Amino acid sequence: MRNIFLYFLLLSTLLFAQNPIVYAALGDVIYNNVDNIEKLKNIDEYKIYDEKIDKYVADVKKAKEEGFAVENGSDCKDK
């Protein structure tokens with residue numbers, strides 16, 4: 000019985016990931032890779048792209064916030 004409980008607890012944890020559902024089809028790949036892309040700044044060959052990488056990371060974080068806002072029913076109309 001305890002194993003079944005632990006299984007359902009694990010399953011529910013996996014199902015409620017921290018990415019917004021709205022952009023799940025494309026967004027999960029982008030959201031999950033943003034940390035790896037940010038680490039490119041530590042490689043000498045990518046130092047010239049620091050500003051572009053920072054802008055990309057900021058854009059992804061903003062898109063993630065907007066996704067959560069849409070998912071939670073926010074009526075914010077920025078655009």
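Under numbering that gives the first Met the number 0, think of the first position of the sequence shown as 0, with each following residue one higher. Beta carbons are placed, not taken as given, at the ideal position from N, Cα and C, and that holds for glycine. On a predicted model such as this, the values are computed, not experimentally measured, just so you know.
Assignment of ILE52 by DSSP, reduced to helix, strand and coil, places it in the helix class. TYR45 has its alpha-carbon roughly 6 Å from the corresponding atom of LEU39. Here VAL28 is not near VAL59, since their CB atoms are 8 Å or more apart. Cβ contact annotation for ILE52 (same chain, cutoff 8 Å, sequence separation greater than five): ILE36, GLU37, LEU39, LYS40, TYR45, in chain order.
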